[in-house]
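Every letter in the sequence shown is one number past the one before it in the working numbering, and letter 31, counting from 1, is 31.
The beta carbon of each residue, even a glycine, is placed where N, CA and C say it ideally should be.
Input: a single structure, listed below in structure tokens.
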Amino acid sequence: MHIPNIIHSRLKRSLTNEQGFVFVYLLIILLVVTTVLLHHLSLQHIQTENLLLIQEQHKIQQLIQVAQHDLQEIIDQSSETNGTVLFEYFVGQVICHYTLESPSTYQVQLIVETPRGTTYKNTTLMNKSEAIRPE
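Structure below.
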């Protein structure tokens, strides 16, 4: 019981005297708060970047599907054995290079470019009047 009174009286004297006592604790509290906030900001940045990457992957998949469908219509109506077609969509563009491999099969190389600057290449085989299947 005597020791807590000594600590209490010393704290009381240092608070009334100050001598930098409050300033040190204020700096420690600010350091802890700043560390927690920076850690939270870092995690938030990582989550935002991951979300943007997932959205970019979905855009690429959608562009591939739409371009394959559009190219299928062009190939079905055309008699050319090879060529290059550029499809421009709202969320990006797709360059399609196609070459006749057999009387009914085309090899198609799709190059997808998004507004964010991502480029993705995909090679598939396409039958003249059937759906596309990955190579």
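Spatial neighbours of residue i within its chain, please: C-beta separation below 8 angstroms, excluding the five flanking residues on both sides.
i     : result
LYS59 : VAL91, GLY92, THR114
LEU27 : none
Do residue i and residue j have their CB atoms nearer than 8 angstroms?
i      : j      : result
ILE111 : VAL94  : yes
ASN82  : THR99  : yes
THR123 : GLN109 : yes
GLU49  : ARG116 : no
Which residues bound the beta strand (DSSP E) around residue i?
i      : result
LYS121 : 119-127
VAL85  : 82-89
SER102 : 92-102
THR138 : Here the chain covers residues 1 to 135 and nothing more, so residue 138 does not appear.
Looking only at its own chain, which residues have a Cβ that is under 7 angstroms from the Cβ of residue i, when we skip the five neighbours before and after it?
i      : result
TYR120 : ILE60, VAL112
TYR25  : none
To which residues of the same chain is residue i closer than 6 angstroms at the C-beta, ignoring the five residues directly before and after it?
i     : result
HIS97 : THR84, GLN109
Task: Inter-stretch contact (C-beta, 8 angstroms, three-pair minimum) for the stretch 78-92 and the stretch 49-68 - done: yes
Open item on the list: Runs of 3 residues minimum, wholly inside the stretch 29-84: which ones carry the beta strand (DSSP E) assignment?
Closed with: none
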